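The UniProt record's numbering applies: residue 1 is where the sequence shown begins, and numbers increase by one.
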Amino acid sequence: MDQNHVTPTTFGELTAKLQRLNTNDSSQDSIFSRQPSSSSVATQVLSPKAFSKSLSFTNIPELKKNPSALSLDGLGNSLTKVKSRGGQPKSANHLTTTPTNEPQVATKWCIILVGLPASGKSSICKNLMEETTSYFQSHDEIADFKIDTFNAGNFRRKMSNFESQKFDFFDFNNVDAKSQRENFATIALDHLLNSLVNSQINVGVFDATNSTIERRQRIYDTILEKQRRTGEKINTMILHIKCSDAKMWRYNVEGKTTNADYKNKDHDGAILDFINRALLYRAAFEEITEEELKKYPELVYVQIDDAGREIRVDENGFVDDDDLIYDELMSFIQGYYKKYGEGYLEKVEKFWNENPTLKY
């Protein structure tokens, strides 16, 4: 293991470790000091002070050349069928067209979250669940719409002695622990897919880091096999949540001290353990590339970075055939920054104003 992977044991060592990572990673620049950068293909970058729209991201060269990828501006132009936030559809396609005026049959969606610890996955998932549920409860287009989340960590806590699990349980070189984590993830995914095919839910969100190509391939193959055996069509989306800004990430870490894993730990001990866990995940994380996406035909790829400040959508061959749920998902993504991100950034800035000497 090289010096970048040496486990920090004190706050001094931890701070030095994070500073080295942030120095070597251009994506860690602070959102509060970042200057406008040059634009790439199909992207628009605005000054941090000009938040009239969310931004399409520019820091993923592996996907940069994909002609089917949409910037947020392109996304807005392409979603002519997406409902307005005033409650009225922009297109009559979203109204029931059957003579009996019955609700339409809903599609089924599996959303695979991807992202490092403290990137904001669970928070975005919570917002997604609340907004989509609220929308469909106030409209009669889909009867009894239901969305649920299946968190691999919750299954781990229910099915293991999690109180004794320290950060080294999440070391990808720990073969036994890795096998256990894969089993918990498999169980969570199985519950999700069974809930979909049994029509207990319309949308299932698989909440886990899903850090490696191997894990993501296995998820995709499992979904295909479930479709083959049941005859049920399951649409699939990867929702990749990133937190490139170091100050935002450190703010998110603060919230982890109330996580069930740290119920009986002191604040500083919880912070130290969690950051060590995050470093292990960061060392093992494999970015999603254009080549990987080609292996998942019709899987929609969405990336949300820095609470919606930068967004990218790649439909990857998926055809939106008047899919009400997909349209609502895209509406949520398109409006995420204005509805949730701005308020979140205010909290982050307030936190740092109150803790000016805290290292990140």
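Ideal Cβ positions, reconstructed from N, Cα and C, are used throughout, including at glycine. All of these numbers come straight from a predicted model, not from anything done at the bench.
Residue closest to residue i, alpha-carbon to alpha-carbon, out of the options
| i | options | result |
| --- | --- | --- |
| Ser244 | Leu113, Ser119, Ile111 | Ser119 |
| Leu224 | Glu131, Val319, Lys295, Tyr360 | Lys295 |
| Glu141 | Ser123, Thr107, His191 | Thr107 |
| Val203 | Asp268, Glu182, Thr133 | Thr133 |
| Met330 | Ile238, Ile288, Glu346 | Ile238 |
| Phe274 | Phe150, Cys110, Pro117, Ile112 | Pro117 |
| Glu292 | Glu214, Tyr344, Gln334 | Glu214 |
| Phe155 | Leu192, Phe145, Asn174, Ser138 | Leu192 |
| Ile333 | Asn235, Ile241, Leu358, Asn353 | Ile241 |
| Ile288 | Lys338, Arg216, Val205 | Arg216 |
| Lys178 | Tyr340, Ala284, Asn353 | Ala284 |
| Asp190 | Ser122, Cys110, Asn316 | Cys110 |
Whole-angstrom distance between residue j and residue i, CA atom to CA atom
| i | j | result |
| --- | --- | --- |
| Ser252 | Lys126 | Residue 252 is actually Asn in this sequence, not Ser. Taking the straight line from one Cα to the other gives about 15 Å. |
| Lys233 | Leu196 | 10 Å |
| Arg229 | Arg181 | 26 Å |
| Tyr301 | Lys263 | 35 Å |
| Asp261 | Lys158 | 11 Å |
| Asp314 | Tyr220 | 17 Å |
| Gly115 | Glu349 | 23 Å |
| Arg282 | Arg218 | 20 Å |
| Leu63 | Glu290 | Bear in mind that the predicted position of Leu63 carries a pLDDT of just 39, short of 50, making it too unreliable to give a figure here. |
| Asp176 | Phe169 | 9 Å |
| Lys226 | Asn174 | 30 Å |
| Asp171 | Arg309 | 31 Å |
| Asp266 | Asp322 | 51 Å |
| Glu346 | Pro356 | 15 Å |
| Thr149 | Lys338 | 24 Å |
| Phe136 | Asn194 | 22 Å |
| Met129 | Ser138 | 14 Å |
Nearest-angstrom Cβ-Cβ length linking residue i and residue j, presumed shorter than 8 Å
| i | j | result |
| --- | --- | --- |
| Ser211 | Glu286 | 7 Å |
| Asp306 | Met248 | 6 Å |
| Ala270 | Thr257 | 4 Å |
| Ile201 | Lys146 | 4 Å |
6 Å Cβ shell around residue i - same chain, five flanking residues per side excluded
| i | result |
| --- | --- |
| Tyr360 | Ala246, Lys247, Arg250 |
| residue 361 | The chain is shown from 1 up to 360; residue 361 falls before or after that span and cannot be answered. |
| Ile318 | Before going further, note that residue 318 is Phe rather than Ile in the sequence given. The residues are Glu298, Val300. |
8 Å Cβ shell around residue i - same chain, five flanking residues per side excluded
| i | result |
| --- | --- |
| Glu254 | Ile271, Phe351 |
C-beta neighbour in chain C for residue i, strict 8 Å
| i | result |
| --- | --- |
| Val348 | This model lacks chain C altogether, as it is built from one protein chain only. |
Checklist line | Every unbroken alpha helix (DSSP H) inside the segment 116-187 [4 residues or more] | finding: Segments of the alpha helix (DSSP H) lying fully in the segment 116-187: 121-137, 152-159.
Note to self: Suppose only complete runs of 4+ residues qualify. What are the alpha helix (DSSP H) ranges in the segment 189-270, listed by chain order?
What the structure shows: The segment 189-270 contains these whole alpha helix (DSSP H) runs: 213-230, 246-255.
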